[in-house]
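Undergrad:
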Amino acid sequence: MDFPFEPYRIKVVERIHRVSREERAAHLERAGFNVFKVPSDAIYVDLLTDSGTSAMSDLQWGALMTGDEAYACSRSFADFESTIKDIFGYAHVIPTHQGRAAEGLLFSVMLKEGDVVPNNIHFDTTRANVEHVGATALDCVCDEGLDPTLEAPFKGNMSLAKLRRAFERYGRERIPLVMLTITNNSGGGQPVSLANVREVAAFCREMGVPLVFDACRFAENAWFIQQREAGCADKTILEICREMFALGEGCTMSAKKDALVNIGGFLCLNDPELAREVTNLLILREGFPTYGGLAGRDLAAVAQGLREVLDPDYLAYRIGQVARLGRRLDELGVPFLRPAGGHAIYLDARKALPHIPQEEFPAQVFTAALYLEGGVRAVEIGSLMFEHKDPETGRMVHPAMELVRLAVPRRVYTHTQLDYVAEICARVMELGKRLVGLEITYQPPALRHFTASLRPLGAAGLIREA
Ligand code: F0G
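When you line the sequence shown up against the numbering used here, it's residues -3 to 462, in that order.
1. Over the uninterrupted beta strand (DSSP E) stretch that includes Phe220, give me the two end residues.
2. Where do the ends of the alpha helix (DSSP H) carrying Ala336 lie?
3. Taking Cβ to Cβ, would you say Leu414 is nearer than 9 Å to Ala365?
4. Do Pro114 and Tyr313 count as a contact pair if the criterion is CB distance below 9 Å?
5. Does Asp230 pass the burial test, meaning 16 or more other C-beta atoms within 10 Å, or should it be called exposed?
6. Using 8 Å as the threshold, is the segment 282 to 294 in touch with the segment 92 to 103, meaning 3 or more CB pairs across them?
7. Compare the beta carbon distance of Asp54 and Lys7 with 9 Å and say whether it is the shorter of the two.
8. Mind checking whether Glu216 and Thr248 have CB atoms under 9 Å apart?
9. Are the CB atoms of Glu356 and His445 within a distance shorter than 9 Å?
10. Would you call Ser189 buried or exposed, if buried means 16 or more other Cβ atoms sit within 10 Å of its Cβ?
11. Determine the direct distance from the alpha carbon of Glu282 to that of Ala251, and round the result to whole angstroms.
12. Please report the distance separating the alpha-carbon of Leu134 from that of Ala59.
13. When the distance is taken between beta carbons, is Asp210 closer than 9 Å to Glu245?
14. Under a CB-based cut-off of 9 Å, is Phe199 close to chain D?
15. What do you reckon, is the C-beta of Arg213 under 8 Å from a heavy atom of ligand 1?
16. Comparing alpha-carbon positions, which option in Phe103, Val137, Asn116 lies nearest Glu127?
17. Can you find the residues in the same chain that come closer than 6 Å, C-beta to C-beta, to Gln439, ignoring five residues on each side of it along the sequence?
18. Count the other CB atoms within 10 Å of the CB of Arg334; is the residue buried (16 or more) or exposed (fewer)?
19. Kindly indicate the opening and closing residues of the alpha helix (DSSP H) around Glu376.
20. Are Leu43 and Val417 closer than 9 Å when you measure CB to CB?
21. Confirm the yes/no value for this check: CB of Val298, any heavy atom of ligand 1, distance under 8 Å.
22. Given 8 Å as the limit, tell me if Val375 has its C-beta closer than that to any heavy atom belonging to ligand 1.
23. Roughly how many angstroms separate the alpha carbons of Leu142 and Thr121, rounded to a whole number?
24. For the segment 185 to 205 and the segment 163 to 176, state whether three or more C-beta atom pairs, one from each stretch, are separated by less than 8 Å.
25. Please report how far the alpha carbon of Ile39 lies from the alpha carbon of Phe73, in whole angstroms.
26. Rounded to a whole number of angstroms, what is the C-alpha to C-alpha distance between Gln300 and Leu306?
27. Give me the Cα-Cα distance between Asp254 and Cys212, rounded to the nearest whole angstrom.
28. On a CA-only basis, which of Tyr409, Ala462, Leu321 is nearest Arg5? Give me that one, please.
29. Which residues in the same chain have their Cβ closer than 7 Å to the Cβ of Gly167, if we skip the five residues on either side of it in sequence?
30. Can you check DSSP and say which residues form a bridge with Val112?
31. Assign Leu458 to one of two classes, buried (16 or more other C-beta atoms within 10 Å of its C-beta) or exposed (fewer than that).
32. Taking the alpha-carbon of Leu101 as reference, which of Arg320, Cys264, Ala218, Ser78 has the nearest alpha-carbon?
33. State the beta-bridge partners of Pro421 as determined by DSSP.
34. Give the list of continuous beta strand (DSSP E) stretches no shorter than 3 residues that lie fully inside the segment 164 to 248.
35. Check the DSSP bridge columns for Ser250 and list the partner residues they point to.
36. Kindly provide the ranges of any beta strand (DSSP E) runs that are 3 or more residues long and lie completely inside the segment 273 to 348, ordered along the chain.
Take a look at the structure:
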């Protein structure tokens, strides 16, 4: 059977609309060919992100009603803390309003100017938070993780050789921590194996440097370990999580992913001194240590979501749904980064639109065309997001890959809707050479992909006459 089994039935639905092609064309024009600026009411299937877009369960909605809004030491915090300790096993649990707040707090305390943080691949907010304190974010993913056509089980793994070289080059004193992002979002949602975590952890111990996880999609990563790694098939998801986290000294977490909520995050640490310093900063920036920028009800929903995400039936459905979208795209000849990720498919726009050079943003062209053709919103992960000037040579540097991420929200869309997405992707492929490149008409100095405006090169719009 090609249908991953949904371990739930639908109790509440939200009406969505398909707006006409003329309306979509007008929206796209107004948005400067940047789908971040298209109103969500004009979107049919929204695959911009899997972050904060999950459908909550009846038990989570129930937890919102019974959440305890006491300013200090609420019952909901006790539930949040004990659930997290049970899964992650760290001594100190610090709530934050989302993942990047946890990163900001951790790096403010641990890093200073000139430091270096190795990671498999930093997510963009993680990189920005490292750089914000004047430190350098260094990506050390294994070489397989950089080859979009290679089928391999753990392309999120960190290269030990690259990690070693980082220590040789910068010295132990400049590296206050090593991070591992599970799954590796910026590298295609690819998992990290338990064996790789063990190796990295052993090396960190040898160097006397703490290993900290970016744990956003930890349960999806654990599922891949259970399914793909030798000797792990008989372990439960919870056992794998505990084994994995026991190898590190803490984690940052955006609860907007694998805690199945719309807002929330946390930071876990073993080191009591570090936890105390972070907590003092938390009170200044986020809130009292038992709510950290969240309502009591949010904490309660996170705790319940963390219990639900460990369900093997849920994970089989979740990752099966993304894999199935990949199979549909294969049938239709749409190229994507291999293999399908845990939370998303990353279309390969260089392969799909080889006639558009990187200076003309092929992945952004594909993204705009997905909206124009079918009201599908994806996100560009290519030159619009990552093109930059080399500070030494002054030349523009383009990213190795031009990707279009189709991130699948958790428990939100049906197989039918994702089949529709695959067909729209195929329709864009068929347009092929008729699609024209884009040029920028406005860009801010940093993180330009969110607000930049563009226009098609040539007078006929995004699609040239046949
Ligand atoms: N780390 C990773 C690996 C992420 O994917 C994200 C967010 C964050 C940290 C930051 O968490 O948004 O709660 O502050 N990723 C979203 C995405 C935005 O679309 O991939 P946050």
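No residue lacks a Cβ here, since even glycine has one placed at the ideal position from N, Cα and C.
In this text, all values refer to a predicted model and were calculated from it rather than measured experimentally.
TA: Looking at the atomic coordinates:
1. The residue labelled residue 220 in the question sits at position 224 within the sequence shown. Here Phe220 belongs to no beta strand (DSSP E); instead the alpha helix (DSSP H) covers 214 to 224.
2. Here residue 336 is taken as the residue at index 340 of the sequence shown, counted from 1. Where Ala336 is concerned, there is no enclosing alpha helix (DSSP H), given that its DSSP letter is neither H nor E.
3. Reading the sequence shown from its first residue, position 418 is the one you call residue 414. Reading the sequence shown from its first residue, position 369 is the one you call residue 365. No; because the gap between Cβ atoms is not below 9 Å, this pair is not in contact.
4. Walking along the sequence shown from the start, residue 313 turns up at place 317. Walking along the sequence shown from the start, residue 114 turns up at place 118. Contact: no.
5. Here the question's residue 230 lines up with position 234 in the sequence shown. By the 10 Å Cβ count, Asp230 comes out exposed.
6. yes
7. One-based indexing of the sequence shown puts residue 54 at position 58. One-based indexing of the sequence shown puts residue 7 at position 11. Contact flag set, yes.
8. As a working mapping, residue 216 is identified with position 220 in the sequence shown. As a working mapping, residue 248 is identified with position 252 in the sequence shown. Thr248 is positioned such that its CB atom lies no closer than 9 Å to that of Glu216.
9. Indexing the sequence shown from 1 puts residue 445 at position 449. Indexing the sequence shown from 1 puts residue 356 at position 360. No, these two residues do not count as a Cβ contact at 9 Å.
10. Taking the first residue of the sequence shown as 1, we reach residue 189 at position 193. Under this definition Ser189 is a buried residue.
11. Against the sequence shown, residue 251 aligns to sequence position 255. Against the sequence shown, residue 282 aligns to sequence position 286. Using only the alpha carbons, I get a separation of about 16 Å.
12. Here residue 134 refers to the residue found at position 138 when the sequence shown is read from its first residue. Here residue 59 refers to the residue found at position 63 when the sequence shown is read from its first residue. Between Leu134 and Ala59, the C-alpha separation is close to 40 Å.
13. Position 249 of the sequence shown holds residue 245. Position 214 of the sequence shown holds residue 210. Not closer than 9 Å, so no.
14. Although the question refers to chain D, the structure presented lacks it and comprises just one protein chain.
15. Walking along the sequence shown from the start, residue 213 turns up at place 217. Yes.
16. For the purposes of this step, residue 127 is taken as the residue at position 131 of the sequence shown. Comparing Cα-Cα distances from Glu127 to each of Phe103, Val137, Asn116, the minimum goes to Phe103.
17. Numbered from 1 along the sequence shown, position 443 holds the residue referred to as residue 439. Cβ neighbours of Gln439 within its own chain (closer than 6 Å, five residues either side excluded): Ala448.
18. Counted from its first residue, the sequence shown places residue 334 at position 338. By the neighbour-count rule (16 or more Cβ atoms within 10 Å), Arg334 is buried.
19. Looking up residue 376 in the sequence shown gives position 380. Careful: Glu376 lies outside any alpha helix (DSSP H), inside the beta strand (DSSP E) at 375 to 377.
20. By one-based count along the sequence shown, residue 43 stands at place 47. By one-based count along the sequence shown, residue 417 stands at place 421. Judged by beta-carbon spacing, Val417 lies within the 9 Å limit of Leu43, meaning their Cβ atoms are closer than that value.
21. Residue numbering aside, residue 298 sits at position 302 when the sequence shown is read from its first letter. For ligand 1, not one heavy atom lies less than 8 Å from the Cβ of Val298.
22. Residue mapping note: residue 375 aligns to position 379 of the sequence shown, counting from 1. Yes, since a heavy atom of ligand 1 falls inside the 8 Å radius drawn around the Cβ of Val375.
23. Counting from 1 along the sequence shown, the entry for residue 142 is found at position 146. Counting from 1 along the sequence shown, the entry for residue 121 is found at position 125. C-alpha separation (whole angstroms): 20 Å.
24. yes
25. Walking along the sequence shown from the start, residue 39 turns up at place 43. Walking along the sequence shown from the start, residue 73 turns up at place 77. Looking at the two C-alpha atoms, the distance is approximately 36 Å.
26. Translated into positions along the sequence shown, residue 300 becomes position 304. Translated into positions along the sequence shown, residue 306 becomes position 310. Straight across, the Cα-Cα distance linking Gln300 with Leu306 is about 11 Å.
27. In the sequence shown, residue 254 corresponds to position 258, counting from 1. In the sequence shown, residue 212 corresponds to position 216, counting from 1. Taking the straight line joining both Cα atoms gives about 6 Å.
28. The residue given as residue 5 occupies position 9 in the sequence shown. For the residues Tyr409, Ala462, Leu321, the minimum Cα distance to Arg5 belongs to Tyr409.
29. The residue given as residue 167 occupies position 171 in the sequence shown. Excluding positions up to five away in sequence, the list is empty.
30. The residue labelled residue 112 in the question sits at position 116 within the sequence shown. According to DSSP, which records beta bridges pairwise, Val112 is partnered with Thr132.
31. The residue given as residue 458 occupies position 462 in the sequence shown. Looking at its Cβ environment, which holds 16 or more other Cβ atoms inside 10 Å, Leu458 is buried.
32. Your numbering for residue 101 matches position 105 in the sequence shown. That would be Cys264, whose Cα lies nearest to the Cα of Leu101.
33. Taking the first residue of the sequence shown as position 1, residue 421 is located at position 425. Just to set this straight, residue 421 is Cys in the shown sequence, not Pro. Answer is none; Cys421 lacks a bridge partner.
34. 174 to 177, 207 to 210
35. Counting from 1 along the sequence shown, the entry for residue 250 is found at position 254. Answer is Gly261, bridged to Ser250.
36. Taking only runs of at least 3 residues, the beta strand (DSSP E) segments lying wholly in the segment 273 to 348 are 340 to 344.
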